[in-house]
Structures are given as C-alpha cells and as structure tokens.
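I have placed the structure first, in the form of structure tokens, so that the comments after it can refer back to it.
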Amino acid sequence: MRIKIDFTLFAAGLFIFSFLLLTPKISFSDADVSGLIFQGADLHHRGKLDKAILKFESAVGLDPKNEYAHNQLGLLYAKKNKFDRAFREFVIVEKIDKRNTFAVLWQGIIYLRQEKVDKAFEKFNEIIKIDPDNADAYYFTGAIYNFRHNPSMAVKYLKKARDADSMEAETHFRLAKAFHNMDMTANAMLEYERALEIKPEYTQAINEKGWLCYNQGNIKPAIGYWKKVLKINSRNRDAVFNLAKVYNELAWKYLISNRLKEAIDYWKKTVSINPGNKAAKYYLNKYKQH
Amino acid sequence: MDRRIFLKFLGTNLISLSALMLCPLKVCSRTGFDYALEAQGFIQKREFAKAVNALKKAVAIEPDNDWAFGLFGRAYMGLARNAEAVAAFRKAVQINSDDTYSRMMVEILTQKPIKVLKKKERPLTELEKKAFQEEVSMADKMQGERGLGYKVNRVVIDAGHGGFDPGAVGKKGLKEKDVTLDIALRLQKKLASMGRIKSFLTRTGDYYIPLSDRTVTANQYRADLFISIHANASKRREANGSETYFCSEKASSAEAAKVAAFENSVIKFDKPYKKKAGFIDIEEILFNLEQKLNWKESGRFANLFQNRFKEKLPLKSRGVHSANFYVLRKSKMPSILLETGFISNPAEEALLKQAGFRDKIADAVAMGLL
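Residue numbers (my numbering), protein chains in the order written: chain C, 502 to 791; chain S, 736 to 1105.
In structure tokens:
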C-alpha cells in the first residue's frame, strides 16, 4: 500500500508538471513563465516569501501583463509590510484588466489599513458593480457599516456576503452582531451558531451568545457559554469580565432579597475568576462575619 | 530543437509516462483510482464531459482522492465551467493542503468574477423558521439608510463611583457618587421622553461597580456610545470648570498620559498579541480600524458635549483631553468621560447640589445626542 501511494504521488507530480507545460487555458505566455509561477506559488505557500518574490518578479519580467504574478507580488509585498509596493502591484493589475476584482479588493483592504474608509468603500462598491456575487466586497462593506453602527445596512450587505459564500465564520459572526444590534435575537442566535459550526472555538461568538441569552433572562446557559470560553482560553478577558459582572449582579440580587449565603457564594465566584475585583472583595470582607 | 517544442514534447511524454506508471493491474473491480486514470486520458484527448463522468465515479468510490478532485477541476475548466472547477480545486486543497497546483488554480480563477453555484435546498430548522418570521416582522426596520455617518441608537450611561466609593466629597459634604447618579437618572428620563435613543444605566442605586463591569455593561447592551459621568476635584480649591476625556492612541498632555499609565499598570489580562511574520491578518486590520474609528468618534463626541457645556452651563470650559486608557481602549464603542464641574470648588459644589443645575447638565448631554 505504501509503495502504491508513493508511486501515485510521483506519477501525479509528473502529470501536473507536464500539464503545466501543455495547458493553453491558463494563459501563460510561455513555459518559462508558467514554471516560475508554479515555483513562486509553491514557495509562497511554504512561507518562503523572498524567494517567491524573486520568482514572480522574474515572471513579470518575462510577461509584464501576467495578472496572477502581479497579484501574488502584491500579496507578498503586503506580507512583508511593504504596503505601498503591494498597492502598486494591485493597481498594475487593475490597469491590465478592470475586471480583476482580486486586485481591486486588495486596494480596498490596503485603504482600510490606512484608515481611508471612504476610498475603501468606493473600491468595494466598484467590485460589487463588476461582480454582484463577490462575497468579500459585501463582507467588507457590511463590516464598515457595522463600524458606523448602522446595523440595518450591515445586515443588508452581510446577508449578501453570506449568501455568496456561507463558509466564512467571520461573515456569520459579523452578521450575527448586526442582527444583535437590531434586537433580532433569533437571527443573531442563528448566525452565531452558524459561525460556531464552522469554527467551534470562536470565543467572540460564544461570548456574544452568552449576552444574547443573559439579556433574555437565560442566566444559566449564558454562564455556561462564558465558562466554555474560559476552557478554551483561561485568560479570555471578555469571558472573565462578563462572568465577574454577572456574578456580582447575582450576588447583589441575593443580598437585597436577604439571601446572604447565596450572595457570598457569588462574590466568592467573582473573586475566584477575577481576583482583583474591588466590589466582590469589599462585600465579601464586609459580610463574611455575618 | 526549439526549446518550446522540446518542452511540449517532454510534457506529452511525461503524461504518457505517468499514465503508464499509474496503469492499474487489476481490471475486474475498478477502483476510484482507475476511474481517475481513465478521466486523465479523456482530459488529454480534450474529452472533458467524459472525464467528468469518470471522475464522478472516482470520487463516489474515493471521496478523499485529492488527485481526482484536481482532475475534476481541470475537466470543468475544459468545459468552461469555472465555478465548478474552483469548487473541485478547493476540495483538492482541502484534502491535501500541499497541493500547490490546485491552490494556484483557485487563485487564478477567482481573480475575476465567477458564477456562484446554486446551493442545495434543505428543510429549515426550527431556529431558521423563527429567524425567517422575525425578518418578515422586522421588514420595515430593516430599510437602512445609506451613508457612512455614525449612528447612535443606544447609549449606556455610567454614573461614576457608588456604594463604598463616594468619589470626591465637597466641603459641604456633597458626594460625587450622588451627583453622578442623579444626572444619569435625569439623562435617562430625558432620552426616554425623546424616544429615539434607548439608554441603559450601569447602576441605578447606591452601590459600587468596578470599572470593568461598567464597560462590560456597554458591551452587554451593544451601546453605540458609552458616557461616564463624573465630577472633578482638586487640592486647589479655586480649580473650576468642566472638561471631557476620551480614549486615543496619544495622550493630549503629560498629565493625561500619567493617568492612563497608572490605569494600565493594573491590567493583567490578555496575552500580548504577537504578529505572525509573513501573514496578513484581515481580522486584525478590521479590529484596528474599528478601534481607531471609535477613538475618532469619541473625540468628536467629546468636543460636541464640551461645546454644549460651554454654551449651556455657567462653567468655565477646560476643554477636551485624551489618553490611551486600557479599559476604554477595550470598549467596543466610542466612550467619553464627562467632568461636570469641581465638587472641591465651593461655588461649583453649590451649583452641583441644585437639582435645576443637574437638570441643565443632563439637558446639555441629551441635546448633544440629538
């Protein structure tokens, strides 16, 4: 069996190489370019960024209109924190072909990084005009609307992102947040759950699910969600402070209904997860003699 | 021989060679591998439809055969069905993450628009049905307004101090915690009567809430703005006036920086974020952007409220200050802190004691929100 696998891989490799030399569909200008591109892509995947850059630079030297090579150079320069250079590569691609939405998208992302939200927004809208099914452009537009606390517009765009590509946990999460902001709890819960189906350890989604439950009076499941987050990451700041706040609130509730023992239990819980919690420490100290 | 012709020749022969090497010994019970091999032959002959049929049989037998999915991608490309080709190449990469060729093909094909594949319909779950009903009933509310202006629909109002922490205490005994709670309650009442903005309080009575709980409340209610109400104090009795603080990357003064440094030193949570070299984290870009937009918006609100105070209150304006407060930095919305006058100043203590003056403060804040 072992021999067969190795044999298969070797043969498949030979086939891929030969296919690359032959296929006219990929629009490589010649075999040298296709070889360089394949090597560049492989080096890029293996994290050898400088070597990959050399290969793609050689490729665009031979074929200056190779959109894929320019796009890869853009990505590689961005990964090397050379964002100006990266941007130039993406602009070159857009000049070669305006329909290369990948290049336009990355220009938008670089604008976001530079906090030029209006320009990024324009770029994403440009993509949507070219490609009404572009999940990424909808995603970023929806995210921008979320940042501007305009949840109905965020929902509109993030739903389109979800419908175009439902496999991104972040899309479901941001859509859930937008629904949550509109008090559309069933939709929010559904999208948080979809995010968690894709990424079960998505702690932000679990934390938010906790509030969704808590605000509807479902205290026990809410606490369960935050505890789950702490099992994934015991230093998760949100889960620690969410639990501390809720334990303090419950302690206070028991105190005013004269159930001191339960109140003390909850303050103890607060201190156990958040030892610096001034409120719990003070009240524990005050009531422990009683 | 011309280099190009030679390469083409080499390629052709490599295909034959690899095909020979892969040729099955068994003929009777065909494996997925056998079908894939057959498909490869069809692809060579540019009989892509036949290749697709053979590959369907191959993956039915071996659903984890990355090679077959790679071939699928090529066959679909031959049929100009790029969406299916991308799906097949993606599947190949999913099975074998080192499949550079399939990954490269996905990248090449997705540079430009491709048709979205129709999803298989399936019955709705209970939660999906509930969500659908909710969307129908909320249809009117979902008609959003375009434009990138910041929207405030929910505010969390934080009455500073409380319980065992009285905050600053005036010479005549006025406690900051009582002043802040009264202003917060008045503000909530005003906003409720105006109707458009929902508001929530971090505390409704005289009890202590830690700083972390206050920002958590803002996150709990998904506030668009967090307003913390305080009254100032100084050892110099003559110090007077109102001022507003907000969180920013750089401190506006050495004093503000000192305050922030003290606040930040007590925080022991969160592992420091280590940037992975050679990796672009899109979510990190979005997180940083959101934070900076929130800070910018905090600055705008801080100026807005301070201007209202200047117009509406008989107090000197001490301006707007900023610093990088860890706790505010972690809040998920614009946050500001209002200092509504010096309780340590006898004249201002007298003002802050008056219900009418506290009402004016609440009024100035409420008007600033509309």
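In this text, a Cβ means the ideal position worked out from N, Cα and C, and glycines have one as well.
These numbers were taken from a predicted model, which means no experiment stands behind them.
1) Helix, strand or coil for residue 529 of chain C? Go by DSSP, reduced to three states.
2) Taking only three categories from DSSP, how would you classify residue 875 of chain S?
3) Output needed in chain order: residues of the region 839 to 855 of chain S with a Cβ under 9 Å from some Cβ in chain C.
4) Ignoring anything shorter than 4 residues or poking outside the region 647 to 731 of chain C, list the alpha helix (DSSP H) runs there in chain order.
5) Using three-state DSSP, classify residue 776 of chain C as helix, strand or coil.
6) Classify residue 787 of chain C: buried if its beta carbon has 16 or more other beta carbons within 10 angstroms, exposed otherwise.
7) Under DSSP, the alpha helix (DSSP H) around residue 1029 of chain S begins and ends at which residues?
8) Can the beta-carbon of residue 981 of chain S be found less than 8 Å from the beta-carbon of residue 1034 of chain S?
9) Are there 16 or more other CB atoms within 10 angstroms of the CB of residue 773 of chain C, so buried, or fewer, so exposed?
10) Just how far apart, CA to CA, sit residue 567 of chain C and residue 953 of chain S?
11) Residues of chain C with a CB under 8 Å from the CB of residue 1111 of chain S: which are they?
12) Name the chain C residues whose beta carbon is nearer than 7 Å to that of residue 879 of chain S?
13) So, under 8 Å CB-CB, residue 768 of chain C and residue 785 of chain C are touching, yes? Tell me the CB distance rounded to an integer number of Å.
14) Buried or exposed: where does residue 598 of chain C fall if 16 or more other Cβ atoms within 10 Å of its Cβ makes it buried?
15) Report buried or exposed for residue 1070 of chain S, applying the criterion of at least 16 other Cβ atoms within 10 angstroms of its Cβ.
16) Verify the CB distance criterion: does residue 797 of chain S have a CB-CB separation below 8 Å to chain C?
17) Could you check where the beta strand (DSSP E) with residue 956 of chain S kicks off and where it finishes?
18) Give the straight-line distance between the Cα atoms of residue 854 of chain S and residue 934 of chain S, rounded to the nearest whole angstrom.
19) Under 8 Å between the Cβ atoms of residue 964 of chain S and residue 915 of chain S?
20) Report yes if the CB atom of residue 932 of chain S is closer than 8 Å to the CB atom of residue 890 of chain S, and no otherwise.
21) Can you check whether the CB of residue 783 of chain S is closer than 8 Å to the CB of residue 814 of chain S?
22) Measuring straight from C-alpha to C-alpha, what distance separates residue 1046 of chain S and residue 584 of chain C?
23) Along chain S, which residues have their Cβ under 7 Å away from the Cβ of residue 632 of chain C?
24) Quick check on residue 632 of chain C: buried or exposed, where buried means 16 or more other Cβ atoms within 10 Å of its Cβ?
25) Return the Cβ separation of residue 774 of chain S and residue 793 of chain S in integer angstroms, given the expectation that the two are a contact with Cβ distance under 8 Å.
26) Just confirm the distance between the C-beta atoms of residue 1037 of chain S and residue 688 of chain C, as a whole number of angstroms; I'd bet it's less than 8 Å.
27) Could you check the C-alpha separation between residue 641 of chain C and residue 786 of chain S for me, to the nearest Å?
28) Restricting to Cα atoms, I'd like to know which of S:1018, S:822, S:973 is closest to residue 1080 of chain S.
29) For chain S, is any of its Cβ atoms less than 8 Å away from the one on residue 623 of chain C?
30) Which residues, in order along the region 742 to 758 of chain C, keep a beta-carbon less than 7 Å from a beta-carbon of chain S?
31) Return the Cβ separation of residue 605 of chain C and residue 624 of chain C in integer angstroms, given the expectation that the two are a contact with Cβ distance under 8 Å.
32) What does DSSP give as the partner residues of residue 894 of chain S in its beta bridges?
33) Do the region 763 to 771 of chain S and the region 790 to 808 of chain S make contact, defined as three or more Cβ pairs closer than 8 Å?
34) If you run the structure through DSSP and keep just helix, strand and coil, what is residue 936 of chain S?
35) Can we say the region 1094 to 1105 of chain S touches the region 1017 to 1027 of chain S, given the rule of at least three CB pairs closer than 8 Å?
36) Classify residue 838 of chain S as helix, strand or coil using the three-state DSSP reduction.
Let's see:
1) Residue placement at residue 529 of chain C cannot be trusted, given a pLDDT of 46 that sits under 50; the coordinates are not used to answer.
2) If DSSP states are grouped into helix, strand and coil, residue 875 of chain S belongs with coil.
3) With the criterion set as a beta carbon lying under 9 Å from some beta carbon of chain C, the members of the region 839 to 855 of chain S are 839, 840, 842, 843, 845, 846, 847, 848, 849, 850, 851, 854, in sequence order.
4) 652 to 665, 670 to 682, 686 to 699, 704 to 716, all fully within the region 647 to 731 of chain C.
5) When secondary structure is reduced to three states using DSSP, residue 776 of chain C falls in the coil class, being assigned neither helix nor strand.
6) Taking all protein chains shown into account, residue 787 of chain C has fewer than 16 neighbouring C-beta atoms within 10 Å of its C-beta and is therefore exposed.
7) Per DSSP, the unbroken alpha helix (DSSP H) holding residue 1029 of chain S starts and ends at 1017 to 1047.
8) Judged by beta-carbon spacing, residue 1034 of chain S lies within the 8 Å limit of residue 981 of chain S, meaning their Cβ atoms are closer than that value.
9) Exposed, because fewer than 16 other Cβ atoms sit within 10 Å of the Cβ of residue 773 of chain C.
10) Roughly 50 Å between the two C-alpha positions.
11) Lying outside 736 to 1105, the shown extent of chain S, residue 1111 of chain S is not represented and no answer is given.
12) Think of a sphere of 7 Å around the beta carbon of residue 879 of chain S: the chain C residues whose beta carbon falls inside it are 651, 653, 654, 657, in chain order.
13) With a Cβ gap of about 5 Å, residue 768 of chain C and residue 785 of chain C count as contacting.
14) With fewer than 16 Cβ atoms within 10 Å of its Cβ, residue 598 of chain C is classed as exposed.
15) Under a 10 Å Cβ-count criterion, residue 1070 of chain S is classified as buried, with 16 or more other Cβ atoms of the shown protein chains found around its own Cβ.
16) Chain C contact via Cβ: absent.
17) Membership of residue 956 of chain S in any beta strand (DSSP E) is not indicated, and neither H nor E is assigned to it by DSSP.
18) Residue 854 of chain S and residue 934 of chain S have their C-alpha atoms roughly 42 Å apart.
19) Yes, they are a contact pair.
20) Yes; because the gap between Cβ atoms is below 8 Å, this pair is in contact.
21) Yes, Cβ-Cβ distance for residue 814 of chain S and residue 783 of chain S is below 8 Å.
22) When the Cα atoms are used, residue 1046 of chain S and residue 584 of chain C turn out to be separated by approximately 45 Å.
23) 848, listed in chain order.
24) Flag for residue 632 of chain C reads buried.
25) That belief holds up - the Cβ atoms of residue 774 of chain S and residue 793 of chain S are roughly 7 Å apart, short of 8 Å.
26) Contact flag wrong, Cβ pair sits at about 34 Å.
27) Approximately 38 Å, taken between the alpha carbons.
28) Looking from the CA of residue 1080 of chain S, the closest CA among S:1018, S:822, S:973 belongs to S:973.
29) Closer than 8 Å: no.
30) Contact annotation: in the region 742 to 758 of chain C, residues whose CB is within less than 7 Å of a CB in chain S are 742, 743, 745, 746, 749, 753.
31) Residue 605 of chain C to residue 624 of chain C, Cβ: 6 Å. Contact.
32) According to DSSP, which records beta bridges pairwise, residue 894 of chain S is partnered with S:964.
33) Yes: at least three Cβ pairs fall under 8 Å.
34) Strand.
35) Touching, no.
36) Here residue 838 of chain S sits in helix by DSSP.
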